[in-house]
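In my numbering, the protein residues as written are 81 to 271.
Structure representation (structure tokens):
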């Protein structure tokens, strides 16, 4: 029982994230996590019956943090500033997007807590889209976004940007400049 020490939620989630990124859902074990936290596996089982509960708790936490960051868009009055903030928030942490992909692919579980967490993650995604409706409406009212495009299409397109691979490892500032160019003017050169 020499490794029976406390760990913070912050440390727990930080290591959970790293293990998920390195090994994926299938490779995630309490043994690896306990080793990283320098605690016994039993210490983890005191709080979580299984890895699915821990992973979905962590994903709820990350999704809540992301939604809160997105809601800060309303602190900017100018549409262009809101647009820049939204793109920055979406693009700045691509690792979190990889974590969200894992959440989407989680297998069906027969655990009430895990299923409740998965439902909460889904509800948070709905909340995220709802909270950004005012951004789209502002863009349309200022004639910066096309009126005829459905709001959900605009938001879905913007969130889909995260899936564009940066295979050449273009620096972040240059990458966001290119993304903004494509969003604003498309890829077809008008003659």
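Don't be surprised by glycine CBs; every beta carbon is placed ideally from N, CA and C.
Keep in mind that this is a model prediction, so the values were computed, not measured.
Item: Reduced DSSP secondary structure (H/G/I, E/B, other) of residue 110; Value: helix
Item: Three-state secondary structure (DSSP) of residue 82; Value: Low per-residue confidence applies at residue 82: pLDDT is 48, beneath 50, and the placement is therefore not dependable, though the value from the model is reported in the following sentence. In the structure shown, residue 82 sits in coil (DSSP, three-state: anything other than H, G, I, E or B).
Item: Alpha carbon of residue 250 to alpha carbon of residue 259, nearest angstrom; Value: 12 Å
Item: Residue 270 versus residue 263: straight-line alpha-carbon distance, rounded; Value: 15 Å
Item: Endpoints, alpha helix (DSSP H) assigned at residue 179; Value: 174-184
Item: Length of the line joining the Cα atoms of residue 117 and residue 205; Value: 30 Å
Item: Exposure of residue 237, with buried meaning 16 or more beta-carbon neighbours within 10 Å; Value: exposed
Item: Closest residue to residue 142 among 162, 127, 178 and 108 (Cα-Cα distance); Value: 178
Item: Touching by the beta-carbon criterion (3+ pairs, under 8 Å), the stretch 154-162 and the stretch 101-114; Value: no
Item: For residue 220 and residue 132, the rounded distance between their alpha carbons; Value: 42 Å
Item: Neighbourhood of residue 207 by C-beta distance below 8 Å, restricted to the same chain and skipping five residues each side; Value: 147
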